[in-house]
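Just so we're aligned: the sequence shown equals residues -27 to -1, 1 to 164 in mature numbering (1 follows the signal peptide of the UniProt record, and there is no 0).
The C-beta atom is built at its ideal place from N, Cα and C for all residues, glycine as well.
Have a look at the structure below before the remarks.
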Amino acid sequence: MTSKFSVACASLGTSLLLLLGAGPAAAFGDATPGFYVEGGSTFQGGADADAWAAGAVLPWSPSGDYTVDGRSFAWDLFASQWRSPERLDGGRRNYAQIGVIATWRYRFDAGRSPWFADAGIGGTVMNHIYRPTERPFSSTFQFTEVLGLGRSFGQRGEHEVSMRVQHFSNAGIKKPNPGANFVRLRYLYRF
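Below is the structure:
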């Protein structure tokens, strides 16, 4: 547990230095697709799980106006892997996951700031029912909610780093439904 906490603190510190040290971007690419990698771990205590993901962010607007006064919308499509302590044999088990999240973004200062906040809701499916040593799930389908805070940098604002808090649960469809909460660090590149 201590080593995970140290790694999380080091990651957070490094990302904050990158965020604060980067100059302001001339323009931001919220209207262009991007690809990302992210990683993190659970924080509710007990047996920790780690998660790594790769995904794509696809801006969408029915009117074609992708950003309005700092607000935008995108579909977040991802594939993820969780790794957690196994219930039965004491080893670790991998769980594959795919998902889609409808994400709303607000870029501060009516879209002129490099800082942004994200909020999203979506659904995911895992290849096995998640059954760690503590807080086992009862279904492969999970809803997910995410909140993020980040900053764009680079000549065109093409790079993003964000810290995200993400919750997974089946909303009581089947019991038990303890849910899992992750803190994740994301790097995204927009083309």
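{"Query": "Rounded Cβ spacing between G7 and L161 (contact assumed at less than 8 Å)", "Result": "5 Å"}
{"Query": "Complete runs of the beta strand (DSSP E) confined to the region 73 to 127 [at least 3 residues]", "Result": "88 to 99 and 114 to 126"}
{"Query": "CA-to-CA distance, F114 to Y68, given in whole angstroms", "Result": "13 Å"}
{"Query": "Opening and closing residue of the beta strand (DSSP E) in which F46 lies", "Result": "R44 to P58"}
{"Query": "Three-state secondary structure (DSSP) of R163", "Result": "strand"}
{"Query": "Q139 - containing beta strand (DSSP E), residue span", "Result": "H132 to S142"}
{"Query": "For I71, three-class secondary structure by DSSP", "Result": "strand"}
{"Query": "Touch test, the region 77 to 89 against the region 138 to 157, Cβ-Cβ under 8 Å, three pairs minimum", "Result": "no"}
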